[in-house]
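**Student:** So the sequence lines, in the order shown, correspond to chains A and B. 1 is the number of the first residue of the first sequence in the numbering used here; add one for each residue after it. 1 is the number of the first residue of the second sequence in the numbering used here; add one for each residue after it. Ideal Cβ positions, reconstructed from N, Cα and C, are used throughout, including at glycine. All values derive from a computational prediction rather than experimental measurement.
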Amino acid sequence: GAVVSQHPSWVICKSGTSVKIECRSLDFQATTMFWYRQFPKQSLMLMATSNEGSKATYEQGVEKDKFLINHASLTLSTLTVTSAHPEDSSFYICSARFGAGVGSGELFFGEGSRLTVL
Amino acid sequence: AQKVTQAQTEISVVEKEDVTLDCVYETRDTTYYLFWYKQPPSGELVFLIRRNSFDEQNEISGRYSWNFQKSTSSFNFTITASQVVDSAVYFCALSPSGTYKYIFGTGTRLKVLA
Chain A
1 GAVVSQHPSW VICKSGTSVK IECRSLDFQA TTMFWYRQFP KQSLMLMATS NEGSKATYEQ
61 GVEKDKFLIN HASLTLSTLT VTSAHPEDSS FYICSARFGA GVGSGELFFG EGSRLTVL
Chain B
1 AQKVTQAQTE ISVVEKEDVT LDCVYETRDT TYYLFWYKQP PSGELVFLIR RNSFDEQNEI
61 SGRYSWNFQK STSSFNFTIT ASQVVDSAVY FCALSPSGTY KYIFGTGTRL KVLA
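This is the structure we're talking about:
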């Protein structure tokens, strides 16, 4: 079946540094990918929709300058957390749309990336 | 407004007991999809089922079954003869047709005790 892979699965960084998380669709082309954020013991909140070859669409309240999203190819989207601070520590999960046309509905999720900012 | 409510934050059962996880959703759309995902401690989301709004047939897959009641806007999930490996957080999600945006519930943490 379709597989979405994220890298790194976990990362620890110092406050003020930038961290890049990659999301790859391994056996299908994903025109659209989504980035979610999950705080401990909480639900997944959609951060942004990433479309190949165009700018990402951010959800209300998500700082686009803080969370840079690039979807340069049909199999790769990246999320860069810029100037990370401890409050950015979270579990970030990407998902990719599989199937063409409106309404196919199903997304495949990556394994998630746990970011800890010291 | 679109919303998914999972009122049970945590459930504990003893192995072999049956358990039902509740999911109530709100949407004004006539076409939408409902999902259940399992999130084990490792964090990845495991797809369990997708149901579109026009298909109210209940579904059974092994020990898992789902009851979709459009009249009450509910999509409940039952695990029969629970096992320790079923311990995880289970999320119900709603996706309006065509958007691919998932609205997740807050999740239900299921603990199955040996």
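Using a 10 Å radius around the Cβ and a threshold of 16 neighbouring Cβ atoms, would you call D88 (chain A) buried or exposed?
**Tutor:** D88 (chain A) should be labelled buried.
**Student:** Inspect the CB distances between the region 51 to 63 of chain A and the region 7 to 27 of chain A and report whether three or more fall short of 8 Å.
**Tutor:** Flag = no, the region 51 to 63 of chain A and the region 7 to 27 of chain A do not touch.
**Student:** Check this for me: beta carbons of N76 (chain B) and D22 (chain B), under 7 Å apart or not?
**Tutor:** Contact flag set, yes.
**Student:** Quick one: what's got a C-beta closer than 8 Å to S83 (chain A)'s C-beta in the same chain, skipping five residues either side?
**Tutor:** The residues are G16, T17, S18 and K66.
**Student:** Which value, in whole angstroms, describes the spacing of the CA atoms of I93 (chain A) and E56 (chain B)?
**Tutor:** Spanning the two alpha carbons is a distance of roughly 30 Å.
**Student:** Can you list the residues of chain B that G61 (chain A) reaches, using a CB-CB cut of under 8 Å?
**Tutor:** Within 8 Å Cβ-Cβ: nothing; G61 (chain A) doesn't reach chain B, min ~15 Å.
**Student:** Going along the chain, which residues of its own chain have a beta-carbon closer than 6 Å to the beta-carbon of T116 (chain A), five neighbours each way excluded?
**Tutor:** Same-chain partners within the cutoff: I12 and S89.
**Student:** Buried or exposed: G53 (chain A), going by 16 or more other Cβ atoms within 10 Å of its Cβ?
**Tutor:** Exposed, by the Cβ-count rule.
**Student:** Straight-line CA distance for Y64 (chain B) to W36 (chain B)?
**Tutor:** Answer to the nearest angstrom: the Cα atoms are 11 Å apart.
**Student:** Can the beta-carbon of R97 (chain A) be found closer than 7 Å to that of Y100 (chain B)?
**Tutor:** Taking 7 Å as the Cβ cut-off, R97 (chain A) and Y100 (chain B) qualify as a contacting pair.
**Student:** Just to confirm, is the Cβ distance from F39 (chain A) to T49 (chain A) under 7 Å?
**Tutor:** Cβ distance not < 7 Å, so F39 (chain A) and T49 (chain A) don't count as in contact.
**Student:** Between A81 (chain B) and K16 (chain B), is the Cβ-Cβ spacing less than 7 Å?
**Tutor:** Closer than 7 Å, so yes.
**Student:** Measure the Cβ-Cβ separation of T5 (chain B) and S97 (chain B) and say whether it is below 7 Å.
**Tutor:** No; because the gap between Cβ atoms is not below 7 Å, this pair is not in contact.
**Student:** CB E22 (chain A) to CB T78 (chain A), shorter than 7 Å?
**Tutor:** Yes, these two residues count as a Cβ contact at 7 Å.
**Student:** Going along chain B, which residues have a C-beta under 8 Å from E43 (chain A)?
**Tutor:** Position check: residue 43 (chain A) holds Ser in this sequence, whereas Glu was assumed. Neighbours of S43 (chain A) on chain B, chain order: F91, F104, G105, T106 and G107.
**Student:** Are any of the Cβ atoms in chain B nearer than 7 Å to that of E52 (chain A)?
**Tutor:** Output row for E52 (chain A): interface = no.
**Student:** Would you kindly check if the distance between the Cβ of Y102 (chain B) and the Cβ of A93 (chain B) is under 7 Å?
**Tutor:** Yes. Within cutoff.
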